[in-house]
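Accompanying notes for the structure given below.
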Amino acid sequence: MPEITPDTTNYENILYEVDSEHICWVTLNRPEKANAMSEQLILELRAALLRADQDEDVNVIVVRGAGRGFSGGYDLDGDAQDDRSSIYPYRLKYIRQFEEFITPWLLSKPVIASVHKYAIGKAFEFSLFCDYTIATSDTKMGYSEVRYGLSAHCLFMPWLVNMKTAKDLLLTGREVPAHEAKVLGLISEVVEPADLHEATKRKATLMARIPREMQRMHKMYLNRLYELQGLRTATDYYLELVAVLGQQPVPEYVELTKMTVEKGLRAALDHAQARYKGLD
Numbered sequence: 142m143p144e145i146t147p148d149t150t151n152y153e154n155i156l157y158e159v160d161s162e163h164i165c166w167v168t169l170n171r172p173e174k175a176n177a178m179s180e181q182l183i184l185e186l187r188a189a190l191l192r193a194d195q196d197e198d199v200n201v202i203v204v205r206g207a208g209r210g211f212s213g214g215y216d217l218d219g220d221a222q223d224d225r226s227s228i229y230p231y232r233l234k235y236i237r238q239f240e241e242f243i244t245p246w247l248l249s250k251p252v253i254a255s256v257h258k259y260a261i262g263k264a265f266e267f268s269l270f271c272d273y274t275i276a277t278s279d280t281k282m283g284y285s286e287v288r289y290g291l292s293a294h295c296l297f298m299p300w301l302v303n304m305k306t307a308k309d310l311l312l313t314g315r316e317v318p319a320h321e322a323k324v325l326g327l328i329s330e331v332v333e334p335a336d337l338h339e340a341t342k343r344k345a346t347l348m349a350r351i352p353r354e355m356q357r358m359h360k361m362y363l364n365r366l367y368e369l370q371g372l373r374t375a376t377d378y379y380l381e382l383v384a385v386l387g388q389q390p391v392p393e394y395v396e397l398t399k400m401t402v403e404k405g406l407r408a409a410l411d412h413a414q415a416r417y418k419g420l421d
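Using the working numbering, read the sequence shown as starting at 142 and increasing by one per residue.
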C-alpha cells in the first residue's frame, strides 16, 4: 500500500462514513454533475480510500454514487481547459492520475463498487479495479467516450473478458446492459434497483466478517497473479499511448471540446452522438 498519511479533512465531492458492521461507505457526491470524475473528486476519493485502508475500524469499503446514477465518467467540462502545449507535463499528469485512479487495486482491504443506472468511461474503469461490483438491472456501462475521440484511461477491461469481447467493446464504444456485463465478467452481481443497498450491505457484511488477514493475503495474491501475467506492463504501455493521443487529440475531440466551451456539454454530446444514431 502507498506510504501516505490519510486525509481526515472535510470533503467537497464525496461522503465518508463507517457503520457498526465495520463497512466504510464512500459516496460520490456530485449529483448535479452526474458524479463526473473531476480531478478534485478523484483526489478526494483516493484520500478517503487510503484513510479507510488504514482505519482499524474498517474491514471492507463500498464506493457508491449519489443521485440518479453511479457516475457519468470523466469531467469533460474540466478537460476542455487542459493545457496541451507540451507532451512532457501532459504525460506526467497522466501518470499521476493513473496512480490515483487505481487506488482500489492497491488497497489491502476489499473494495466493492455499488453501481446504479450508469457507469461510463472513467467510472466504468474505476468499477473494474474494485474487487467486487454489484449493479442494478437497469445499469449500462462501457467506453462510449471513444465515440467522441476520448481514449480509455487505464484499459483494465481486456484482463476480465476474452479478446473478441474486448475488441467489440473498445472498437464500437457501445454501452453494455447489466445482465450482459455479468455474463461477460465485467460485474459480479445484478440486482433490482430497489434491492441495491441491501444486497450491497449483505455482501459487504459477509466480507467484513472474514478474518482481515485472510482478506489481505488473498487479495494481495490474486492481484500479484495478474501482475505477473503482465497486467502492469500492459497498462503502462497504454498509458504512454494515451499521453501522446491526449496531447495531440483527434479532430472529433477537438470539435467536442470547442463546442463544450461555446454551447455547453449537453449540446456538444448531442452533436457528437448524432453520427451513431440507429447503429446500435
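Beta carbons: idealized from backbone N, C-alpha and C, even for Gly.
Residue i - DSSP class collapsed to helix/strand/coil
i: T280; result: coil
i: A415; result: helix
i: M142; result: Low local confidence applies: a pLDDT of 39 at M142 is under 50, so the model's placement there is unreliable, and no value is given.
i: S268; result: helix
i: E197; result: coil
i: L156; result: strand
Residue i and residue j closer than 8 Å at C-beta
i: E241; j: I183; result: yes
i: H257; j: G326; result: no
i: A188; j: G210; result: no
i: H163; j: A375; result: no
i: C271; j: A293; result: no
i: P334; j: T277; result: yes
i: S249; j: K360; result: yes
i: K344; j: Y273; result: yes
From the options, residue whose alpha carbon lies closest to that of residue i
i: T306; options: V324, C295, G290; result: V324
i: F239; options: A384, G405, Y229; result: A384
i: C165; options: V204, P392, L269; result: V204
i: P230; options: E381, V391, V331; result: E381
i: L311; options: E339, G208, R171, G290; result: G290
i: E158; options: D196, K399, R171; result: D196
i: D411; options: G214, R288, D272; result: R288
i: C295; options: K399, A335, E339, R373; result: R373
i: V317; options: P172, I202, D421; result: D421
i: L363; options: I236, E330, W246, N154; result: W246
i: D160; options: E396, A260, K342; result: K342
i: G419; options: R315, A264, K234, L190; result: R315
i: P251; options: M355, L397, G405, P392; result: M355
With 16 other Cβ atoms within 10 Å as the buried cut-off, status of residue i
i: N200; result: buried
i: V402; result: exposed
i: Y394; result: buried
i: E153; result: exposed
i: A408; result: exposed
i: D194; result: buried
i: T275; result: Reading off the sequence shown, one finds Ile at residue 275, where the question assumed Thr. Answer is buried; the Cβ neighbour count reaches 16.
Nearest-angstrom Cβ-Cβ length linking residue i and residue j, presumed shorter than 8 Å
i: G214; j: I261; result: 4 Å
Closer than 8 Å to chain B by CB, residue i
i: M361; result: Included in the structure is just one protein chain, with no chain B present.
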